Amino acid sequence: MNTSRISEWFYEYNKDIYHFLLYYVGSGDIEDLVQEVFLRAMKGLDSYQEKSSPKTWLLSIARNVGIDEVRKRKRSKVKHVIGVGKYEPKDDQSPEKILQLNEENRILYQAIQSLRVNYRDVILLRAIKEMSVSETATILNWNENKVRITYHRALKALMRRKEVILNEGE
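Residue numbers for the sequence shown follow UniProt numbering, so the first one is 1 and each next one is one higher.
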């Protein structure tokens with residue numbers, strides 16, 4: 001298959017992928033992760049069966065890239081704690097980044113990051129990226145009922161986390 005489809009998809013969906021990854025992994029080199037998504041898409045283009053929209057397929061790849069990045073960061077932190085290898089923390093909490101995000105977005109980001117992975121995934125796809133139940137089910141490899149139930153529970157958990165974070169700030 002030709003790569004012009006990937007180029008078209010990049011121009012059409014790169015902002016969606018960028019925002020999804022920003023919420024998924026937090027700060028860091030999100031542009032590099034977006035590139036990784038499209039590189040993987042290019043490599044896997046032959047396996048794309050058009051059972052879902054290109055956006056859905058790309059977001060499922062982005063989710064896997066995000067999972068890989070989070071695992072990589074955790075491994076780096078563990079290596080640092082036990083004194084193996086060189087660990088340089090990203091500017092996760094630099095004053096510039098904190099000023100960039102307004103207070104409410106920072107609290108929302110913090111609350112989303114504190115959720116369990118399944119809740120975070122479904123919140124990002126349904127609430128942040130506004131994906132349908134069907135698209136979310138495809139990306140997460142869940143049935144639609146599980147998406148609905150998990151999303152409902154995740155929203156409740158998110159509201160509780162936001163309250164806790166707000167109360168801690170007072």
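Even glycine gets a Cβ: it sits at the ideal position worked out from N, Cα and C. As the structure is a computational prediction, the values presented were derived from the model and not from experiment.
**Prompt:** What number of angstroms, rounded off, separates the C-alpha of Met146 from the C-alpha of Asp121?
**Reply:** The amino acid at residue 146 is misidentified as Met; the sequence shows Lys. Answer to the nearest angstrom: the Cα atoms are 13 angstroms apart.
How about the region 121-134 and the region 27-37: do they share at least three Cβ pairs that are nearer than 8 angstroms? no
Inset, instruction - Can you give me the Cβ contacts of Phe10 inside the same chain, cut-off strictly under 6 angstroms, excluding the 5 residues immediately before and after it? - result: Phe38
**Prompt:** Are the beta-carbon atoms belonging to Ser60 and Thr138 less than 8 angstroms from one another?
**Reply:** yes
(request) Given a cut-off of 8 angstroms, decide if Arg71 and Leu45 are closer than it, judged by their beta-carbon atoms. (result) no
Q. Are there 16 or more other CB atoms within 10 angstroms of the CB of Val81, so buried, or fewer, so exposed?
A. Because the pLDDT at Val81 is just 43, under 50, the model does not fix this residue reliably, and the value given afterwards should be weighed accordingly. So Val81 counts as exposed.
Practice prompt. Starting from the Cα of Asp68, find the closest Cα among Arg40, Ser53 and Tyr151 and give me that residue.
Written response: Arg40
Practice prompt. Scan the region 134-166 and note each continuous beta strand (DSSP E) run of 3 residues or more that stays entirely inside, going in chain order.
Written response: none
Backbone CA spacing between Met42 and Ala127 [nearest angstrom]: 28 angstroms
In whole angstroms, give me the CA-to-CA distance for Arg73 and Val117.
15 angstroms
**Prompt:** Which residues in the same chain as Tyr13 place their Cβ atom closer than 6 angstroms to its Cβ, once the five residues preceding and following it in sequence are excluded?
**Reply:** Lys55 and Leu58
Notebook entry, point to check: Is it buried or exposed for Glu36, if we count other Cβ within 10 angstroms and need 16 for buried?
Noted result: buried
Taking only the alpha-carbon atoms, compute the straight-line gap between Leu166 and Ile149 and give it to the nearest angstrom. 26 angstroms
(Q) Which residue wins for smallest C-alpha separation from Arg161, given the options Glu144, Leu140, Ser53 and Arg106? (A) Arg106
Counting only runs that start and end within the UniProt domain "RNA polymerase sigma-70 region 2" (12-75), where is the alpha helix (DSSP H) found for 4 or more residues in a row? 30-43
- Query: What residue does the alpha helix (DSSP H) around Ala111 start on, and which one ends it?
  - Reply: Glu103 to Ser114
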